[in-house]
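The structure appears right after this line, and notes come after that.
Numbering (UniProt numbering), first residue to last: 1 to 625.
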């Protein structure tokens, strides 16, 4: 198998903006463990909340080209751009080549000696490679999604910009005369072979602002590269698609909110899932589902600190919120139920733009399975649960016994409540894990009741979730619809037999278009294919023993990433990125698929002796259905 590594740069012309916007596929991401900046191929930073991912974005021209704010750095004339990440890092390097010469721009969210800095600091270092290149730059603060007005503030130590409680300052070396126009800065400069210039932008929220020395920022970029490289050295994976897996792990690392250990679904809000608008959501929250899929990968890669932080955060947060089981939390662990619509146009005029997510009050039964899978993976890795965590889990297992018979919103957070098949299996997964944890001496509680309800759920799914006439699992009883979330339960080992195999065939026939897969039947008219579904299909194919099919689809799906290996939430059939990005679930599903193919292929090789034929994999604990 030939792998494509995304640390190898693709080359593209600097894109012309349409009404101030570029395709979402254009963006690379950098971050520091608290916030994330998005940088377009033309060198403009169009998104940066300060100081945290969920803070109001002081640079947000991705949603409001005219007033959102941006940081520009690019050649003044025609030039060709190619870019890559420094290997093993989230530091982005763009090479500009023109008729007169070439230069590189290295972009980093600078980190300190002991980790992330107490403030947000972006360093943009320009190095001359050959000849000379004239570049233009600007710092244009935005309006916090039309909620505040940037103001210029003169101080004895220089000019800064205030936007509500946020303070923005700049430091530069070699950028020549600074042209000032109210609350903005701009200018031009020219590189020469071997020249070094740097533009540093720092920001704080309701805090004094630290003004770095430009030379310190130069050193800070090199230190940041070393910090990322040190982290990547601890990363252990040399299986198939290693380049894509490592890039996905680094993208996921950008979404881990270091102050708490929470994992954001994405660092952006309101990037549309469809060109007609209306399906624009704020993903700057920590979904329990996403965290569950993360733990196996982090454990498999030998990343101890992130695993423990994520596990501790989720169980502490659930315990702190009593008997409720929210599907997501703020990054600080609090509950969120407020949604504000902002009066800005949205990317390419596709609205609405919102802060907050309306799904917070929904009942989603699959979350029970997600939480227990987190803890099961943690214990399987050789760790031990404390008594408070054990008590919390015992209560949740009892709750799953009471809740599973209820209709819910399903994994897809739909307004119509139904008895969704995969929701029931999510409760089955929770009880299956609870029994395993009980037998491992990690929790006490009502084991017999958990086993009984696990068996009741199996019977319910067999009777109501399977459609004998159509020959596949259905989204809910009485429905003809397929639901790709059923693929997750090939991985959970609920079913790896003929019924799952037949359902995979139906999904391929009805929902798959090339390497792209829609979430469920009928959604094609409302949105683009969902990236994670492609990788779930890969993993499910591997789980039922169709390794060659899984590898072929994986090759094609990995190739849908942008030039630096990032994925959005969705990809339209014409190849355009749609939805928030970088999307944690997309990258998690890629990692999950690679690990599943590697592990199931190894198991299949072990099971096949000389002269033995390959058989469809079936969970040893669960009969084929």
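A virtual CB, placed ideally from N, CA and C, is assigned to each residue, including glycine.
Which residue wins for smallest C-alpha separation from residue 430, given the options 478, 474, 412 and 493? Here residue 430 refers to the residue found at position 430 when the chain shown is read from its first residue. Nearest C-alpha to residue 430: 493.
C-alpha distance - residue 650 paired with residue 298, whole-angstrom precision: Residue 650 lies beyond the residue range present for the chain, which begins at 1 and ends at 625; the question has no answer from this structure.
Length-filtered (4 minimum) alpha helix (DSSP H) runs lying within the stretch 282-323: Listed in chain order, the complete alpha helix (DSSP H) runs (minimum 4 residues) inside the stretch 282-323 are 288-300 and 304-320.
Using a Cβ-Cβ cutoff of less than 6 Å, which residues in the same chain neighbour residue 673 once the five nearest sequence positions on both sides are dropped? Outside the displayed range of the chain (1 to 625) lies residue 673, so it cannot be described from this structure.
Do residue 263 and residue 307 count as a contact pair if the criterion is CB distance below 9 Å? In the chain shown, residue 307 corresponds to position 307, counting from 1. In the chain shown, residue 263 corresponds to position 263, counting from 1. The answer is no: Cβ separation not under 9 Å.
Mind reading off the beta-carbon distance from residue 409 to residue 363? Whole number of angstroms is fine, and I expect it under 8 Å. Position 409 of the chain shown, counted from the start, is the residue given in the question as residue 409. Position 363 of the chain shown, counted from the start, is the residue given in the question as residue 363. Rounded to the nearest angstrom, the Cβ distance from residue 409 to residue 363 is 6 Å, consistent with a contact under 8 Å.
Kindly indicate the opening and closing residues of the beta strand (DSSP E) around residue 110. For the purposes of this step, residue 110 is taken as residue 110 along the chain shown, with counting starting at 1. Careful: residue 110 lies outside any beta strand (DSSP E) and carries neither H nor E.
Kindly give me the distance between the Cβ atoms of residue 527 and residue 341, rounded to whole angstroms, as I take these residues to be in contact under 8 Å. Sequence index remark: in the chain shown, residue 527 carries index 527 (1-based). Sequence index remark: in the chain shown, residue 341 carries index 341 (1-based). 20 Å between Cβ atoms; not a contact.
Could you check what DSSP says for residue 393 in three-state terms: helix, strand or coil? The residue given as residue 393 occupies position 393 in the chain shown. Here residue 393 sits in helix by DSSP.
Which residues does DSSP list as the beta-bridge partners of residue 203? If you number the chain shown from 1, residue 203 lands on position 203. Residue 203 pairs with 120 and 168.
Neighbourhood of residue 162 by C-beta distance below 6 Å, restricted to the same chain and skipping five residues each side: Locating residue 162 in the chain shown gives position 162, where the first residue counts as 1. Here the set comprises 151 and 153.
With a 10 Å radius around its C-beta and 16 neighbouring C-beta atoms as the bar for buried, classify residue 19 as buried or exposed. The residue labelled residue 19 in the question sits at position 19 within the chain shown. Exposed is the call here.
Classification of residue 16 by the beta-carbon crowding that lies within 10 angstroms, buried from 16 upward: Residue numbering aside, residue 16 sits at position 16 when the chain shown is read from its first letter. With fewer than 16 Cβ atoms within 10 Å of its Cβ, residue 16 is classed as exposed.
Near residue 121, which residues of its chain fall below 6 Å by C-beta distance, leaving aside the five closest residues on each side in sequence? For the purposes of this step, residue 121 is taken as residue 121 along the chain shown, with counting starting at 1. Once the five neighbours on either side are set aside, the close Cβ partners of residue 121 are 110 and 202.
Could you check the C-alpha separation between residue 345 and residue 305 for me, to the nearest Å? Looking up residue 345 in the chain shown gives position 345. Looking up residue 305 in the chain shown gives position 305. Going from the Cα of residue 345 to the Cα of residue 305 covers about 40 Å.
Taking the continuous alpha helix (DSSP H) assigned at residue 629, which residues delimit it? In the structure as shown, the chain begins at 1 and stops at 625. Residue 629 is therefore absent and cannot be evaluated.
Count the other CB atoms, across all protein chains shown, that sit within 10 Å of the CB of residue 462; report buried if there are 16 or more and exposed otherwise. The residue labelled residue 462 in the question sits at position 462 within the chain shown. With fewer than 16 Cβ atoms within 10 Å of its Cβ, residue 462 is classed as exposed.
Quick one: what's got a C-beta closer than 6 Å to residue 74's C-beta in the same chain, skipping five residues either side? Looking up residue 74 in the chain shown gives position 74. Excluding sequence positions up to five before and after residue 74, its CB lies within less than 6 Å of the CB of 42 and 43, all in the same chain and listed in chain order.
Using three-state DSSP, classify residue 340 as helix, strand or coil. The residue you call residue 340 lines up with position 340 of the chain shown. Here residue 340 sits in strand by DSSP.
Rounding to the nearest angstrom, what Cα-Cα distance links residue 348 and residue 26 in this structure? As a working note, residue 348 is residue 348 in the chain shown. As a working note, residue 26 is residue 26 in the chain shown. For residue 348 and residue 26, the distance between alpha carbons rounds to 14 Å.
Just curious, the alpha helix (DSSP H) that residue 275 is in, first and last residue? In the chain shown, the residue the question calls residue 275 occupies position 275. Premise fails: residue 275 is in no alpha helix (DSSP H) and is neither H nor E.
Is there a Cβ from chain C that is less than 9 Å from the Cβ of residue 63? Given the protein chain composition of this structure (a single chain), no chain C is represented.
Just checking, does the stretch 353-363 make contact with the stretch 308-317 on the three C-beta pairs under 8 Å criterion? Counting Cβ pairs under 8 Å, fewer than three are found: no touch.
Other residues of its chain near residue 537: CB distance less than 8 Å, five sequence neighbours each side excluded: Looking up residue 537 in the chain shown gives position 537. 484, 487, 504, 507, 508, 512, 517 and 553, listed in sequence order.
Exposed or buried, which one is residue 287 when buried takes at least 16 other CB atoms within 10 Å? In the chain shown, the residue the question calls residue 287 occupies position 287. Buried, because 16 or more other Cβ atoms sit within 10 Å of the Cβ of residue 287.
Cα-Cα separation between residue 361 and residue 321, rounded to whole angstroms: One-based indexing of the chain shown puts residue 361 at position 361. One-based indexing of the chain shown puts residue 321 at position 321. Cα to Cα, the separation comes out at about 13 Å.
Would you kindly report the start and end of the unbroken alpha helix (DSSP H) that includes residue 567? Reading the chain shown from its first residue, position 567 is the one you call residue 567. Taken as a continuous stretch (DSSP letters only), residue 567 belongs to no alpha helix (DSSP H), as it is neither H nor E.
Extent of the continuous beta strand (DSSP E) run through residue 70: As a position in the chain shown, residue 70 is number 70, starting the count at 1. 70-75 is the span of the beta strand (DSSP E), which, as asked, contains residue 70.
Cβ-based neighbour list, residue 94, same chain, cut-off 6 Å, excluding 5 preceding and 5 following: As a working mapping, residue 94 is identified with position 94 in the chain shown. Shown here for residue 94: same chain residues with a beta carbon closer than 6 Å to its own, the five before and five after excluded, namely 81, 83 and 105 in chain order.
When the Cβ atoms of the stretch 184-191 are set against those of the stretch 222-236, are three or more pairs found closer than 8 Å? At 8 Å Cβ cutoff, the stretches do not touch.
Comparing C-alpha positions only, which one of 385, 384 and 453 sits nearest to residue 402? Here residue 402 corresponds to residue number 402 of the chain shown, with the count starting at 1. That would be 453, whose Cα lies nearest to the Cα of residue 402.
Which partner residues does residue 517 have in the DSSP bridge list? Taking the first residue of the chain shown as 1, we reach residue 517 at position 517. Note: residue 517 sits in a beta bridge opposite 512.
Check whether the stretch 174-184 touches the stretch 21-35, taking contact to mean three or more Cβ pairs, one atom from each stretch, closer than 8 Å. Result no; under three Cβ-Cβ pairs closer than 8 Å.
Measure from the alpha carbon of residue 253 to the alpha carbon of each residue in 232, 242, 164 and 395, then state which is nearest. What you label residue 253 is simply residue 253 of the chain shown in a count that begins at 1. Of all alpha-carbon atoms in 232, 242, 164 and 395, the one lying nearest the alpha-carbon of residue 253 is that of 232.
Please state if the CB of residue 172 and the CB of residue 197 are separated by a distance shorter than 9 Å. Taking the first residue of the chain shown as position 1, residue 197 is located at position 197. Taking the first residue of the chain shown as position 1, residue 172 is located at position 172. Taking 9 Å as the Cβ cut-off, residue 197 and residue 172 qualify as a contacting pair.
By Cβ distance, which residues of its chain are closer than 7 Å to residue 98, with the 5 residues on each side in sequence left out? Start at 1 with the first residue of the chain shown, and residue 98 comes out as number 98. Scanning its chain for C-beta atoms nearer than 7 Å, with the 5 sequence neighbours on each side dropped, one finds around residue 98 the residues 75, 77, 78, 79 and 133, in chain order.
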